[in-house]
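Worksheet: one structure, shown below.
There are 2 protein chains.
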Amino acid sequence: MPSSKNAKTSKVAWRRRKDQREPEILAAARVVLEENGIANTSVAMIAARAGVSEATVYKYFDNKQDLINRVLVAWATPFVEVLEREIKLVKGIGGQLTLVAIRYLRGMQQTPRVHRLYYQELKWENYFGSPLHQINRRFSNIVVSVIRKGIDSGELKPDIDPLVTRDILFGGLEHIGQRTIFAGRPLDVEREASKLVSQILGGIRRTAGPDGGGDSITRLNEIISSLQLLRNDILKNR
Amino acid sequence: MPSSKNAKTSKVAWRRRKDQREPEILAAARVVLEENGIANTSVAMIAARAGVSEATVYKYFDNKQDLINRVLVAWATPFVEVLEREIKLVKGIGGQLTLVAIRYLRGMQQTPRVHRLYYQELKWENYFGSPLHQINRRFSNIVVSVIRKGIDSGELKPDIDPLVTRDILFGGLEHIGQRTIFAGRPLDVEREASKLVSQILGGIRRTAGPDGGGDSITRLNEIISSLQLLRNDILKNR
DNA sequence: ACAACAAATGAGCCGTACTTATTTATTTTT
DNA sequence: AAAAATAAATAAGTACGGCTCATTTGTTGT
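First to last, the sequence lines map onto chains A and B. The numbers in the working numbering rise by one with no breaks, and the one at position 213 of the first sequence is 256. The numbers in the working numbering rise by one with no breaks, and the one at position 186 of the second sequence is 229.
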């Protein structure tokens, strides 16, 4: 053991590492929560995984719910930030909504346990105004802006309610995703996403035709563009 | 006290009432759960409200979750049965879907606390195949059959997926309703319901026109018919 | 070297889901 | 009609999880 630092480590019972504790506990919490679900996870289990005492967890987090909420915020924030950047790279309402749908369903497919935390156990007591509420709003606002711009540009019917349209989209996505999360059914993300979006678009597009509105080639191009974005991203992250 | 039965009652510490206990506990549970939410309701509180000991509750229900699920089933069953009968009295897809939407949102408006139980606290561990799952399926199947018949009759596009359409409808309804339940926003049921349904219909109707498809007079008549049904029902239940 | 500080903890409180051994109302038997 | 059998109901208790507090102990400034 040539390192004097490491030699020292073995002597002490614990070390002061104020700014490392919080992210470590957060990471441990996410792992344990994903493994067992909230109901079957005790704060003691999280503390053990993080290598600290239970009381230390309560030094950094107000209570179990606060800890859970901050796990969700830590997970959702980069997700939303990436999407906010990506959405600008796609043109056309169909492609943009498809991108949102794909990202959402992919997220559910890749981290189903985190989504379970959202749906099973989200407590609404002090939700509104909380950081978790804010990041969720940022996500939902991405869709609302797309719809609003579509109405302004004349591409979408002027009398539709952007919030209702957002509700329809997320509602459909949640139902599709929950079948996968809870029933464990396999999920063809791109197929389900484009199916859902095209059906919704059919109801709000201004120029309605026999196939649900719009030039089908144009629509296809938009969706292909969002799929390419996703593919490039997957290739990059290897 | 002329009644010998009642005189006898005051002497004994408790009485054997095997078949009354379960519905009484169920009713007490619903009241207490609605008042406090699941997290703030103990089995002891429910037992006290029902006028029995805590152990008695566990004689009739496997555990707390079982009790909660059976409260939800007891609440949902008549709701679904009424809707199954009513849906036959309305003709036209628009009217039928509007009826479902109105009933759903009304339910959320009138018993928001029960809906909270659904969304906040539903445990998915042993959900699939459970009585609660089955009654939920019966409800969702009402919508699926309406869509299927619409496709068969040629009124709806042949290539739409009835399940996706159902997901869109319930998704929209849940989002609208949850704003009311949790944020406490007021809700214009008929307005929101018909708005949502007409927007969804626009995406799946075969004969698409500039206003979203279909004869607007026909659509209006359908919705009026479902509203009349609701009004009559309200008048009857006084 | 030592005082002052604050990070971390161990031990324990409290509330609640669930169990058990026991009591007691009711039914059956004779 | 009394005693035996049965099962409804309970009181008392166990286990465990969220959370707290007094105390320990590593760290920092003088």
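In this text, a Cβ means the ideal position worked out from N, Cα and C, and glycines have one as well. Every value quoted in this text rests on a predicted model; they were computed, and no experiment measured them.
Cβ-based neighbour list, residue i, same chain, cut-off 6 Å, excluding 5 preceding and 5 following
{"i": "residue 276/B", "result": "none"}
{"i": "residue 80/A", "result": "none"}
{"i": "residue 147/A", "result": "216"}
{"i": "residue 158/B", "result": "151, 224"}
{"i": "residue 97/B", "result": "86, 87, 90"}
{"i": "residue 125/B", "result": "none"}
{"i": "residue 133/B", "result": "139, 142, 268, 269"}
{"i": "residue 219/A", "result": "235"}
Contact set between residue i and chain A, taken where Cβ atoms lie within less than 8 Å
{"i": "residue 182/B", "result": "Residues of chain A passing the Cβ test: none, with the nearest at roughly 13 Å."}
Under 7 Å by beta carbon: chain B residues contacting residue i
{"i": "residue 105/A", "result": "Result: empty, since nearest Cβ-Cβ is about 16 Å, beyond 7 Å."}
{"i": "residue 204/A", "result": "238"}
Residue i - DSSP class collapsed to helix/strand/coil
{"i": "residue 95/B", "result": "coil"}
{"i": "residue 60/B", "result": "coil"}
{"i": "residue 225/A", "result": "helix"}
{"i": "residue 248/B", "result": "strand"}
{"i": "residue 199/A", "result": "strand"}
{"i": "residue 179/B", "result": "helix"}
{"i": "residue 80/A", "result": "coil"}
{"i": "residue 135/A", "result": "coil"}
{"i": "residue 301/A", "result": "For chain A, the structure presents residues 44 to 281; residue 301/A sits outside this window and is missing."}
{"i": "residue 154/A", "result": "coil"}
{"i": "residue 230/B", "result": "coil"}
{"i": "residue 269/A", "result": "helix"}
{"i": "residue 184/B", "result": "helix"}
{"i": "residue 122/A", "result": "helix"}
{"i": "residue 213/A", "result": "helix"}
{"i": "residue 85/A", "result": "coil"}
Chain-ordered chain B contacts of residue i [CB-CB under 9 Å]
{"i": "residue 190/A", "result": "None at all; the shortest Cβ gap to chain B is about 11 Å."}
{"i": "residue 122/A", "result": "Per Cβ cutoff of 9 Å: no residues; residue 122/A is ~20 Å from chain B at best."}
{"i": "residue 243/A", "result": "211, 242, 243, 246"}
Residue i vs residue j beta-carbon contact at 8 Å
{"i": "residue 178/B", "j": "residue 215/A", "result": "no"}
{"i": "residue 221/B", "j": "residue 161/B", "result": "no"}
{"i": "residue 100/B", "j": "residue 89/B", "result": "yes"}
{"i": "residue 87/A", "j": "residue 68/A", "result": "no"}
{"i": "residue 103/B", "j": "residue 60/B", "result": "no"}
{"i": "residue 205/B", "j": "residue 228/B", "result": "no"}
{"i": "residue 270/A", "j": "residue 129/A", "result": "no"}
{"i": "residue 182/A", "j": "residue 114/A", "result": "no"}
{"i": "residue 207/B", "j": "residue 145/B", "result": "no"}
{"i": "residue 116/A", "j": "residue 174/A", "result": "yes"}
Beta-carbon proximity list for residue i, same chain, < 8 Å, skipping 5 on both sides
{"i": "residue 140/A", "result": "186, 189, 212, 240, 243, 244"}
{"i": "residue 62/B", "result": "none"}
{"i": "residue 209/B", "result": "183, 186, 187, 190"}
{"i": "residue 194/A", "result": "200, 201, 203, 205"}
Buried or exposed by the 16-neighbour rule on C-beta atoms within 10 Å, applied to residue i
{"i": "residue 252/A", "result": "Residue confidence for residue 252/A is low, a pLDDT of 45 falling below 50, so the modelled location carries little weight; the figure read from the coordinates is stated next. That one is exposed."}
{"i": "residue 71/A", "result": "buried"}
{"i": "residue 278/B", "result": "exposed"}
{"i": "residue 236/B", "result": "buried"}
{"i": "residue 171/A", "result": "exposed"}
{"i": "residue 73/A", "result": "buried"}
{"i": "residue 56/A", "result": "exposed"}
{"i": "residue 119/B", "result": "buried"}
{"i": "residue 267/A", "result": "exposed"}
{"i": "residue 234/B", "result": "exposed"}
{"i": "residue 131/A", "result": "exposed"}
{"i": "residue 149/B", "result": "buried"}
Under 8 Å from the C-beta of residue i: neighbouring residues of chain B
{"i": "residue 226/A", "result": "171"}
Contacts of residue i in chain A (Cβ-Cβ under 9 Å)
{"i": "residue 139/B", "result": "Within chain A, no residue comes near residue 139/B; the closest Cβ sits about 17 Å away, beyond 9 Å."}
{"i": "residue 78/B", "result": "Neighbours of residue 78/B on chain A: none; closest Cβ ~15 Å, over 9 Å."}
{"i": "residue 207/B", "result": "215, 218, 219, 235, 238, 239, 242"}
Chain A residues whose Cβ lies nearer than 7 Å to that of residue i
{"i": "residue 217/B", "result": "214"}
Nonlocal neighbours in the same chain, by C-beta distance under 7 Å from residue i, ignoring five residues either side
{"i": "residue 156/B", "result": "77"}
{"i": "residue 84/B", "result": "75, 76"}
Residue i: CB within 7 Å of a non-hydrogen atom of the ligand ADP
{"i": "residue 193/A", "result": "The ligand ADP is absent from the structure shown, which contains no ligand whatsoever."}
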